[in-house]
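Participant: Would you mind keeping the following structure in view while I ask a few things?
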Amino acid sequence: GSIENRLVYCNTNCHQENRFKIKWPTPEIIKQLVWEKPTTHIAKELGVSDKSIDKFCKRNSIQKPPRGYWRKISTK
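Numbering of the sequence shown is given in our numbering, commencing with residue 15 and proceeding in unit increments.
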């Protein structure tokens with residue numbers, strides 16, 4: 015892309031501080047949340063995508079419920 019389309023920051027620290035739009039909860043809190051409700055619900059509450067939650071979990075070695083877990087729970 016052209017330079018006009020790129021964000022420009024005053025320095026590296028400024029860039030790092032503005033890189034993430036939300037203040038993430040601690041990994042411990044996210045770990046607890048992923049077992050309390052579906053990723054899509056957590057993502058909506060935080061204002062991010064469910065893919066962002068997946069990436070956060072992967073970066074922090076947080077195990078999530080297996081695929082289909084919430085559907086099984088909702089049918090019981």
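We put the beta carbon where it would ideally sit given N, CA and C, even for glycine. Here the structure is a predicted model, which is why all the values come from computation and not from measurement.
Let me know the secondary structure DSSP gives residue 39 once reduced to three states.
Facilitator: Three-state result, residue 39: coil.
Participant: What is the rounded straight-line gap between the Cα of residue 70 and the Cα of residue 87?
Facilitator: Taking the straight line from one Cα to the other gives about 24 Å.
Participant: Among residues of its own chain, excluding the 5 on either side of residue 64, which ones have a beta-carbon nearer than 6 Å to its beta-carbon?
Facilitator: If we look at residue 64 and ignore the five residues flanking it on each side, its Cβ neighbours are 53, 54 and 57.
Participant: With distances taken between CB atoms, is the gap from residue 61 to residue 43 smaller than 7 Å?
Facilitator: No.
Participant: Grab me the residues of residue 19's own chain with a C-beta within less than 7 Å of its C-beta, minus the 5 sequence neighbours each way, in chain order.
Facilitator: At residue 19, the pLDDT of 46 sits below 50, so the modelled position is not reliable; the number obtained from the coordinates is stated separately. Closer than 7 Å at Cβ, skipping near neighbours: no residue.
Participant: Given residue 67, which residues of its chain have a CB within under 8 Å of its CB, disregarding the five upstream and five downstream residues?
Facilitator: Same-chain partners within the cutoff: 44, 48, 53, 56, 57 and 60.
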